[in-house]
Amino acid sequence: MKKSLIVTLAATLSLALLAGCGSSGTTEGAAGTTSPKSTDAGKPAEKVKLSIWHNYTGEDLRAKTMREYMEKFKKDHPNVELDIQGIPPDGYRPRLKTVAAANEMPDLFVMWPGVMTKEFVGGDLIQPINELLDSKTEWKNGFMPGSFDDFTISGKTYSAPMALSPTSILYYNKEIFNKYNVQPPKTWDDLMKLVDTFKKNNVTPIALGNKAAWVAQSSILSSLADRVTGTEWFLKAVDQNGAKFTDPEFVQALTYLGQLGKAGAFQEGFNSIDNTQMEQMFAQGKAAMMIDGGWALPNLASNTSKEALANMAVTVLPTVPNGKGDPNSLSGVVGTGLGMSKKVTGAQKAAAYELIYTLSGPEAQKAILESNQLVSYKVDLDTTKVSSLFAEVYKMMNTVKKTPVYDGKLSSASADVVNNGLQELLMGGKPEDIAKKIQDAQAKAVGK
């Protein structure tokens, strides 16, 4: 890899945030998985080493499920020496950035669709998995429409999603709402009145854990700004073609978010606690609402009683005056998938294909869904296997439109500017100043 590409990747990667397999020395196993060929009939398969990095380190159901499937792979493939590195979510992207900059990627690793995939491809760090997907057409065709779009560049697909991630669900506590005789907000004015009501009664209106800086962007601004500007405007601003982040509509979106900060909608110290602590705060009834992604569902299902879960409900963010976006929408992306290093070849590549299929094939997709994690794979949900809250979100997802997440479209450098800018905004910063910083960063990123 050219040194200039490595340096460029180091500067841009975010701190935030499938022809048969014969040509790669593989055969189709009895269970439908791709198996390494033995060098001679009757002899054991070739011994290979394979490293994998993941961020499934928590005790939520989804994390446990993914770790169980990795251990299952180890048991079923004694010829593969699997080096598993689990890195906590908030530290995962920085670690991945560091090894990417040094061109020392692990063999397989959890990666995000959109910008991260584009930057890894641009840095010549990863290789496509079309060969694997095309060897298993039933699996490939089982994904929902559009599932591969943000993992695909110039016709080459670099991963298969292992989840579906709406990022801006408004969770609320029905008991607290009933106590103060209030309803979920339909309009922005409704939301501000709720903030006032809860504040007067010494109840934190909205739990927020923005220590890692991406939460306010991914979970609040992405959906709120789309309400104001509409998706078409945002995509033009990303391309710097016909729209700028200094335009009045985006400044207005920042102004709305700033209003929440000024009104005291969030608890004190919201920039010093993380996403998990935020979810715990809401689960313990210490806040009336929480704006969070679908990733909260496995955590809540693992760490909350059935009674507490039954007391939670969900809705979308409220409408805004004169908004250009669809109010019945959620920002979201297909979830993470496994990326494969460009350096993986031969028998090692065959083993990597098997592990990708083990963690994102039909059996795993069903297990992931039953761990209270949405997936972009066509699986019927047995509601007896999941929490009542997850069943409610699953139903809601069939009725709403999906809109882009900011850090899934902006350059990594621009996303960092957004994240840091929102921390500043919520502490009283001026929307116009923050808008200019974002505009300058994205103009630089696209060379304008």
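Heads up: the sequence shown runs through residues 718 to 1165, numbered per the numbering used here.
In this text, a Cβ means the ideal position worked out from N, Cα and C, and glycines have one as well.
- Non-local beta-carbon contacts of glycine 859 in its own chain, meaning distances under 7 Å to residues more than five positions away in sequence, involve Pro1079, Tyr1094 and Lys1095 in chain order.
- Judged by beta-carbon spacing, lysine 928 lies beyond the 8 Å limit of proline 922, meaning their Cβ atoms are not closer than that value.
- A residue is called buried when at least 16 other Cβ atoms come within 10 angstroms of its Cβ; aspartate 1009 meets this threshold and is buried.
- If you ignore the 5 residues before and after alanine 1152, its C-beta comes within less than 7 Å of the C-beta of Phe962, Thr963, Phe967, Val968 and Leu971, all in its own chain and listed in chain order.
- Within the DSSP bridge table, the entry for isoleucine 990 names no partner.
- The stretch 945 to 959 makes contact with the stretch 1040 to 1050: 3 or more CB pairs, one atom from each, lie closer than 8 Å.
- DSSP lists Trp770 and Gly1056 as the bridge partner or partners of phenylalanine 826.
- Annotation for phenylalanine 983: Ile923 and Leu925 place their beta carbon closer than 6 Å to its own, counting only its chain and skipping 5 residues before and after.
- Short of 6 Å from the beta carbon of serine 768, and not among the five residues preceding or following it, lie these beta carbons of its own chain, in chain order: Asp800, Pro823 and Asp824.
- According to DSSP, glutamate 798 shares a beta bridge with Lys766.
- Counting the other Cβ atoms within 10 Å of the Cβ of asparagine 898 gives fewer than 16, which makes it exposed.
- In this chain, the alpha helix (DSSP H) harbouring threonine 948 covers 948 to 956.
- Beyond the five residues adjoining it in sequence on each side, glutamine 844 comes within less than 8 Å, by CB distance, of Tyr875, Met1057, Ser1058, Lys1059 and Val1061 in the same chain, given in chain order.
- Taking the CA atoms as reference points, proline 806 sits about 14 Å from methionine 783.
- For serine 882, no alpha helix (DSSP H) encloses it; the enclosing beta strand (DSSP E) starts and ends at 881 to 883.
- Pairing leucine 1017 with leucine 1127, the inter-Cα distance amounts to about 30 Å.
- Of the candidates Lys857, Ala930, Asn958 and Leu1047, Asn958 places its Cα closest to the Cα of glycine 1164.
- Rounded to the nearest angstrom, the Cβ distance from glycine 1049 to serine 882 is 6 Å, consistent with a contact under 8 Å.
- Under the DSSP definition of a beta bridge, methionine 1029 partners with Asn890.
- Shown here, proline 878 sits in a strand according to DSSP, grouped into three states.
- Taking all protein chains shown into account, serine 871 has fewer than 16 neighbouring C-beta atoms within 10 Å of its C-beta and is therefore exposed.
- Ranked by Cα distance from isoleucine 893, the options Ala880, Leu911, Ile886 and Thr884 are led by Leu911.
- DSSP, read as helix, strand or coil, puts isoleucine 846 in coil.
- DSSP places serine 1046 in the uninterrupted beta strand (DSSP E) bounded by 1046 to 1051.
- In this chain, the alpha helix (DSSP H) harbouring alanine 1130 covers 1129 to 1143.
- In the three-state scheme derived from DSSP, where H, G and I count as helix and E and B as strand, lysine 1118 is classed as strand.
- Isoleucine 1085 is positioned such that its CB atom lies closer than 8 Å to that of alanine 880.
- Around lysine 953, the same chain offers Gly959 and Ala960 as residues with beta carbons nearer than 7 Å, after the five sequence neighbours per side are excluded.
- Remark: C-beta atoms of valine 1110 and valine 1051 do not approach each other more closely than 8 Å.
- For the pair threonine 834 and serine 864, the Cα-to-Cα distance works out to about 14 Å.
- The three-state reading of DSSP puts lysine 1126 in helix, counting H, G and I together.
- In this structure, the alpha-carbon of lysine 873 lies about 10 Å from that of glutamate 848.
- For glutamine 1140, the closest C-alpha among the options Leu887, Tyr786 and Gly986 is that of Gly986.
- Annotation for threonine 921: the continuous beta strand (DSSP E) segment containing it runs 921 to 924.
- For methionine 909, the closest alpha carbon among the candidates Trp931, Gly978 and Val955 is that of Gly978.
- In this structure, the beta-carbon distance from leucine 1047 to valine 1037 does not fall below 8 Å.
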